[in-house]
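Enquirer: Heads up: the sequence shown runs through residues 1 to 526, numbered per UniProt numbering.
Take this structure, written in structure tokens, and hold onto it; I'll ask about it next.
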Amino acid sequence: MQTLLMNTPETSREPVTVQPMDEHNITLVNNVHPSDWVNPQPQGKYNIVVIGAGTAGLVTAVIAAGVGAKVALIERHLMGGDCLNVGCVPSKGMIRAATAWADVKRAAEFGLHIPPGIKYDFGAAMARMRKLRARISRTDSAHRYKGLGVDVYIGDAKFLGEDRIEVVGRAGNRSLQFAKAAICTGARASDPPVPGLREAGYLTNETVFTLTDLPPRLGVIGAGPIGCELAQAFARFGSQVYLIEAMHGIMPNEDRDAAEIVLKSMQRDGVTLLCCGKDLKVGKTEGGKRLAVDSHGRHYDVTVDEILVGVGRTPNVEGLGLEAVGVEYDQAGVKVNERLQTTNPRIYAAGDICSRYKFTHAADAMAQIVIQNALFPHPLGLGYASAESLIMPWCTFTEPEVAHVGLYEEEAKKKGIEVETYTYKLDEVDRAILDGQDEGFARVHIQKGSDKILGATVVAAHAGDMIGEFSVLMKAGAGAKTLASTIHPYPTQAEVNKKAVTLWRKAHFTPRTKALLTKLFAWMRR
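Laid out in structure tokens, this is it:
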């Protein structure tokens with residue numbers, strides 16, 4: 001099997017691996033790390049130099065170039081970053097294939113009887129993912145960004161002084177001068193301190209998508225979004241999956257009712273959850289890898305073929321020379337203020353390197369804040385874009401999906417906000433019933449005494465597409481009254497959003513109001 005390895009500093013991580021080197025991955029690499037790339041010769045000072053070509057870096061660079069700024073973009077690995085190469089794009093392609101397999105298995109429910117002996121081809125499913133990833137990679141390609149007016153440099157970036165960045169790489173060493181800089185180097189999978197894990201070997205989101213053969217038995221450590229999404233997908237492909245979580249249940253940061261619905265769905269798919277896990281140890285054994293853990297007072301000792309780890313992210317701060325320019329950082333990443341300025345006011349940061357919201361859309365939004373503050377500062381420092389004002393939705397792409405925006409009920413109460421919560425279940429929504437996707441709900445949190453929407457959770461087959469309605473309302477300052485009076489097409493699953501706030505309206509139609517109206521109607525009949 002051919003493999004492409006791109007060297008990176010030993011202080012950062014192991015070399016990035018792209019495999020198998022089939023036609024799809026060759027296309028990918030030609031787009032996002034072309035072997036014949038020659039770094040341009042810098043021509044004077046740049047308005048902004050962007051380090052890292054993941055989502056935050058790409059958006060920063062393309063907007064800056066689009067408004068006429070002189071821009072440099074530096075990437076040491078693969079343009080497109082985690083999202084394109086080892087994150088959102090490959091995972092959703094893989095999940096879509098797993099969903100198709102699951103649909104086939106329940107086809108009899110819809111009158112389609114599949115004959116025994118049907119072939120499931122995991123390798124073909126992964127080849128499809130690689131093909132689509134390669135297709136999408138054109139958008140993030142080095143040649144495209146060059147054509148958009150961005151000077152693209154491939155190599156390692158390091159701050160040398162207050163206005164200098166050095167690029168070291170096989171595409172040529174260069175010294176760049178900048179007026180402003182943006183650090184968008186992202187984060188990588190954390191290395192958990194589990195005894196024996198490193199010796200046994202394990203997969204992360206950076207390596208799991210290189211698989212071409214389905215592991216018959218898979219251990220997944222961590223029941224957060226990554227762990228849950230991939231545990232369910234592999235179970236649907238046919239792996240025997242053990243999901244290990246230190247806390248109770250799955251998705252510990254989500255609405256408990258939402259997490260419980262997803263857990264039941266995953267268990268139907270064959271996932272075995274070992275939560276409240278203690279004393280986890282890993283070792284090599286004959287025929288595989290051994291996972292030993294205590295869960296709810298019982299000891300489990302299971303053998304698997306592969307172990308997938310999804311327990312957090314570590315910011316990529318090593319080797320950048322941040323100390324030379326006075327940029328402070330800690331284990332959480334680069335320190336920034338609400339303007340996304342670092343402790344050096346000429347240098348900004350965006351994306352996973354500095355945010356607790358480690359989402360592609362969060363990186364996109366933060367990049368736009370960097371552009372406004374770095375390139376269009378108010379002369380008196382009065383007007384600026386603030387990261388604290390962002391209304392950030394997110395979604396975990398299990399089946400059903402779990403999407404959320406704003407505050408949870410308990411968060412609102414801790415802030416001293418009186419809140420009313422209303423929940424409408426999908427099993428009362430006609431389209432969800434007809435689709436056979438009636439497990440879920442829309443839950444909305446409304447500030448007492450007003451119609452202000454504080455937050456919402458949606459659990460549905462396409463919750464990620466549905467949560468945006470709440471995001472728009474919250475961004476626009478519109479409330480429950482607006483949503484309750486908005487016409488939704490029938491039959492759609494998105495009706496559940498309107499039905500949830502309609503419960504609020506009904507709750508505020510008091511018996512006293514009804515009694516007064518009854519008297520009014522009686523008078524009108526005279």
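Don't be surprised by glycine CBs; every beta carbon is placed ideally from N, CA and C.
#1: Buried or exposed, going by whether 16 or more other CB atoms sit within 10 Å of the CB of Q2?
#2: Could you check the C-alpha separation between K358 and P225 for me, to the nearest Å?
#3: Short of 8 Å in beta carbon distance, which residues of its chain neighbour T486, apart from the five on each side in sequence? Order them along the chain.
#4: Indicate the three-state DSSP secondary structure (helix, strand or coil) for C395 in the structure shown.
#5: Counting pairs of beta carbons, one from the segment 272 to 285 and one from the segment 182 to 196, are three or more of them closer than 8 Å?
#6: For G52, which option in R512, A349, Y424 and F376 has the closest C-alpha, if you only look at C-alpha atoms?
#7: Count the other CB atoms, across all protein chains shown, that sit within 10 Å of the CB of K70; report buried if there are 16 or more and exposed otherwise.
#8: Grab the span of the beta strand (DSSP E) containing Q447 for me, first residue to last.
#9: Would the segment 207 to 222 and the segment 97 to 111 be scored as touching if the rule is three or more Cβ pairs under 8 Å?
#10: Return the residue from the list E399, D22 and H33 that minimises the CA-CA distance to E229.
#11: Could you tell me the distance, in whole angstroms, from the CA atom of L516 to the CA atom of L112?
#12: Can you give me the C-alpha to C-alpha distance between I63 and F110, rounded to a whole angstrom?
#13: Name the residue from L132, M79, R106 and V49 whose alpha carbon lies nearest to the alpha carbon of H143.
#14: With DSSP collapsed to three states, give me the class of R106.
#15: So the alpha helix (DSSP H) E75 belongs to, where does it begin and stop?
#16: Enumerated in chain order, which unbroken segments of the alpha helix (DSSP H) with a length of 4 residues or greater are wholly contained in the segment 331 to 402?
#17: Grouping DSSP H, G and I as helix and E and B as strand, with all else coil, what is A456?
#18: Taking its Cβ as the centre, do 16 or more other Cβ atoms sit within 10 Å of A157, making it buried, or is it exposed?
#19: Is the Cβ-Cβ distance between S190 and T55 less than 8 Å?
#20: Relative to the C-alpha of R346, which candidate in N337, T207 and D305 has its C-alpha closest?
#21: So, helix, strand or coil for G161, using DSSP?
#22: In three-state DSSP terms, what is Y145?
#23: Can you give me the start and stop residues for the alpha helix (DSSP H) that residue 527 sits inside?
#24: Beta-carbon within less than 8 Å of V334's beta-carbon, same chain only, minus the 5 sequence neighbours each way: which residues are those?
#25: Pick helix, strand or coil for E254, following the three-state DSSP scheme.
#26: Alpha carbons only, please: which of G149, Q331, F178 and D151 is nearest the one belonging to D163?
Expert: The relevant details are as follows:
#1: In the sequence shown, the residue the question calls residue 2 occupies position 2. With a pLDDT of 45 at Q2, under the threshold of 50, the modelled position of this residue cannot be trusted; read the value that follows with caution. Exposed.
#2: As a position in the sequence shown, residue 358 is number 358, starting the count at 1. As a position in the sequence shown, residue 225 is number 225, starting the count at 1. Their backbone Cα atoms lie some 11 Å apart in a straight line.
#3: For the purposes of this step, residue 486 is taken as the residue at position 486 of the sequence shown. Around T486: K498.
#4: The count along the sequence shown starts at 1 and reaches residue 395 at position 395. Here C395 sits in strand by DSSP.
#5: yes
#6: Within the sequence shown, numbered from 1, the residue matching residue 52 stands at position 52. Of R512, A349, Y424 and F376, the residue nearest in Cα terms is A349.
#7: On the sequence shown, position 70 is the one that residue 70 refers to. Per the 10 Å Cβ criterion, buried.
#8: The residue you call residue 447 lines up with position 447 of the sequence shown. F441 to Q447 is the span of the beta strand (DSSP E), which, as asked, contains Q447.
#9: no
#10: Against the sequence shown, residue 229 aligns to sequence position 229. Comparing Cα positions, the closest option is E399.
#11: Within the sequence shown, the letter at position 516 stands for residue 516. Within the sequence shown, the letter at position 112 stands for residue 112. Those two C-alpha atoms are separated by around 56 Å.
#12: Against the sequence shown, residue 63 aligns to sequence position 63. Against the sequence shown, residue 110 aligns to sequence position 110. Cα to Cα, I63 sits roughly 48 Å from F110.
#13: Counting from one through the sequence shown, the residue named residue 143 turns up at place 143. It is M79 whose Cα lies nearest to the Cα of H143.
#14: In the sequence shown, the residue the question calls residue 106 occupies position 106. Note: R106 maps to coil in three-state DSSP.
#15: If you number the sequence shown from 1, residue 75 lands on position 75. Careful: E75 lies outside any alpha helix (DSSP H), inside the beta strand (DSSP E) at V71 to E75.
#16: 360 to 375
#17: What you label residue 456 is simply residue 456 of the sequence shown in a count that begins at 1. Looking at A456 - three-state DSSP - the assignment turns out to be strand.
#18: As a position in the sequence shown, residue 157 is number 157, starting the count at 1. Result: buried.
#19: Position 190 of the sequence shown holds residue 190. Position 55 of the sequence shown holds residue 55. Not a contact, by the Cβ cut-off of 8 Å.
#20: Residue numbering aside, residue 346 sits at position 346 when the sequence shown is read from its first letter. Selected option, being the one with the closest Cα: N337.
#21: Here residue 161 refers to the residue found at position 161 when the sequence shown is read from its first residue. DSSP places G161 in strand when its eight states are reduced to three.
#22: On the sequence shown, position 145 is the one that residue 145 refers to. Reduced to three states, the DSSP call for Y145 is helix.
#23: Missing from the structure shown is residue 527; the chain here goes from 1 to 526 and no further.
#24: Position 334 of the sequence shown, counted from the first residue, corresponds to residue 334. These residues qualify, in order along the chain: I183, P315, V317, L322, V327, E328, T342, A349, I353 and C354.
#25: For this step, residue 254 is matched to residue 254 along the sequence shown. Three-state result, E254: coil.
#26: Taking the first residue of the sequence shown as 1, we reach residue 163 at position 163. Nearest C-alpha to D163: F178.
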